[in-house]
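Below: one structure, written as structure tokens.
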Amino acid sequence: MKFETLAIHAGQEPDPNNGAVMTPVYLTSTYMQDGVGKPRQGYEYSRTRNPTRLALEKCIAELESGKWGLAFSSGMAATDTVLRLLGSGAHALAGNDVYGGTFRLFDKVLRRFNLDFTFADTTDPESVADALSPSTRLVWLETPTNPYLRITDIRAVAEIVHAHRNRPLLVVDNTFATPYLQRPLELGADIVVHSTTKYLGGHSDVVGGAVIVKDKELADKLYFLQNAVGAVPGPMDCFLILRGIKTLPLRMDRHYENALAIVEFLEKHPKVDKLYYPFHASHPGQKIAIRQMKNGGGMISFIVKGGREAAIRVVESTKLFTLAESLGGVESLIEVPAAMTHLSVAGSQLDVDPSLVRLSVGIENKDDLIEDLKQALDKA
Ligand SMILES: *Cc1c(COP(=O)(O)O)cnc(C)c1O
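Each step along the sequence shown adds one to the number in our numbering, with nothing skipped, and position 112 is 110.
Following this line, the structure appears as structure tokens:
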């Protein structure tokens, strides 16, 4: 079946007990057993398994062209659980433009457990090859990245990583693209990670994460960790993400349509210095983006002339774009990454230009959005 059909039906069937069309929210922590050691349909305890969560896990697995999906209580919980596949002394290589929270977890928390990290420019496959060491067990990348929307050729990096001794795992955080635009497992990745808080949920009303794999052995290790560590989402959260996913293709097409109109407006604006958008002709990764993504998505970053003060004046002057962190919801958001989402990487090699503004373009009417940006830029 095609993606749009899977988004609505994958993992979800009318409830066998009563025909409920929407997946019921199974608010239960435990399940009656038919005898000692005889759980019904494999359900014993909801940290281990819950029917609402299982529907979400099956759905995301199919959407990502994987075989097994795991849901988590946040994107960071998903990330942390994946890193627990490694043992003390292992080396992991990560992109030098990864999500700020991912950098913080790697650099400030996991280093204390004797994991070693190198941050490299994954947009250049050669620099990935150079940064691999004999103890490298995992390579972590995002494409497009946040906030510079840099593009990495997933297939090229997968080939390099898998040819290396010990065959490190290639993990792709697919939060920005979503499986509608890009499916890393089809391009050679071993693991896909999501913050479902963003486009998959799509309505800024839930925090969640997900992991998807195609290999049974890897899935078993991750299911063990999911249950042993316990960073699982509640059934209501799973329901909300399932509901969000049903309209993912429609939303992503509209995010793109609006983003294109805004890019066209910004590229001509005298107060905009530099534009970052994967499908724009000025983007160094445009060719790769067009090859591995269905469309350019809804995230745009740009440098405002006049530095930090001007950027802050713009984001404080919009009326329709809400000044807020996060992204991927139906409503448009605006922020200054250096002072907000990326504060945790200030002074590090992931440092962000203080005059950079990031937009999460929503699905409102594009003329209203452009009108709002116009009046805000006039104040810069
Ligand atoms: C938000 C985000 C995360 C973290 O997810 P949470 O749900 O906030 O824990 C990880 N990666 C990317 C790319 C994100 O945007």
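Even glycine gets a Cβ: it sits at the ideal position worked out from N, Cα and C. The structure displayed is predicted, hence computed values, not measured ones.
{"Asked": "Those residues which DSSP pairs with E140 across a bridge", "Found": "D171"}
{"Asked": "Residues proximal to ligand 1 by C-beta, any heavy atom closer than 6 angstroms", "Found": "S72, G73, M74, Y97, G99, T100, E140, N144, D171, T173, F174, S193, T195, K196, V205, G207"}
{"Asked": "Check whether T21 and T3 have beta carbons under 8 angstroms apart", "Found": "no"}
{"Asked": "Run of the beta strand (DSSP E) containing F101, from where it starts to where it stops", "Found": "No beta strand (DSSP E) contains F101, which is instead part of the alpha helix (DSSP H) from 98 to 102."}
{"Asked": "The segment 25 to 34 in contact with the segment 237 to 247 per 3-pair CB rule at 8 angstroms", "Found": "no"}
{"Asked": "DSSP bridge partner residues for G379 (one or two, in chain order)", "Found": "Because the chain here runs from -1 to 378, residue 379 falls outside it and cannot be looked at."}
{"Asked": "Cα-Cα separation, T121 to N16", "Found": "51 angstroms"}
{"Asked": "Neighbourhood of K292 by C-beta, 6 angstroms cutoff - its chain only, sequence neighbours within 5 removed", "Found": "L179"}
{"Asked": "Coarse secondary structure for M30, derived from DSSP in three states", "Found": "coil"}
{"Asked": "Residue from R38, A53, R356 whose Cα sits closest to the Cα of V19", "Found": "A53"}
{"Asked": "With 16 other Cβ atoms within 10 Å as the buried cut-off, status of M74", "Found": "buried"}
{"Asked": "Outcome for M(-1) when other beta-carbon atoms lying within 10 angstroms are tallied against a minimum of 16", "Found": "exposed"}
{"Asked": "Check whether G200 and G327 have beta carbons under 8 angstroms apart", "Found": "yes"}
{"Asked": "For S202, the three-state DSSP class (helix, strand or coil)", "Found": "coil"}
{"Asked": "T21, DSSP secondary structure in three states", "Found": "coil"}
{"Asked": "Runs of alpha helix (DSSP H) wholly within the segment 304 to 350 (minimum 4 residues, chain order)", "Found": "305 to 315"}
{"Asked": "Assumed close pair A257, G283 - CB separation to whole angstroms, cut-off 8 angstroms", "Found": "Actually they do not touch by this definition, with Cβ atoms about 16 angstroms apart."}
{"Asked": "Close beta carbons around W379, own chain, < 6 angstroms, minus the five adjacent residues each side", "Found": "Residue 379 lies beyond the residue range present for the chain, which begins at -1 and ends at 378; the question has no answer from this structure."}
{"Asked": "Coarse secondary structure for I298, derived from DSSP in three states", "Found": "strand"}
{"Asked": "Bridge partners - F70, DSSP secondary structure assignment", "Found": "G207"}
{"Asked": "L341 classed as buried or exposed, judged by whether at least 16 other C-beta atoms fall within 10 angstroms", "Found": "exposed"}
{"Asked": "Whole-angstrom distance between V334 and K372, CA atom to CA atom", "Found": "17 angstroms"}
{"Asked": "Touching by the beta-carbon criterion (3+ pairs, under 8 angstroms), the segment 83 to 101 and the segment 234 to 245", "Found": "no"}
{"Asked": "Where the alpha helix (DSSP H) through Y274 begins and ends", "Found": "Not the alpha helix (DSSP H): Y274 falls in the beta strand (DSSP E), residues 270 to 274."}
{"Asked": "Neighbourhood of S280 by C-beta, 7 angstroms cutoff - its chain only, sequence neighbours within 5 removed", "Found": "L273"}
{"Asked": "The segment 105 to 114 in contact with the segment 79 to 93 per 3-pair CB rule at 8 angstroms", "Found": "yes"}
{"Asked": "Beta-bridge partners of H192, as assigned by DSSP", "Found": "A208"}
{"Asked": "beta-carbon L341 near ligand 3 non-hydrogen atom, thresh 7 angstroms", "Found": "Ligands displayed in this structure: ligand 1; ligand 3 is not among them."}
{"Asked": "Cβ shell of G186 (< 6 angstroms), same chain only, five flanking positions each side left out", "Found": "R153, A156"}
{"Asked": "Extent of the continuous beta strand (DSSP E) run through V355", "Found": "354 to 358"}
{"Asked": "Three-state class that DSSP yields for P233 in the structure shown", "Found": "helix"}
{"Asked": "Exposure label - P145; buried when at least 16 CB within 10 Å", "Found": "buried"}
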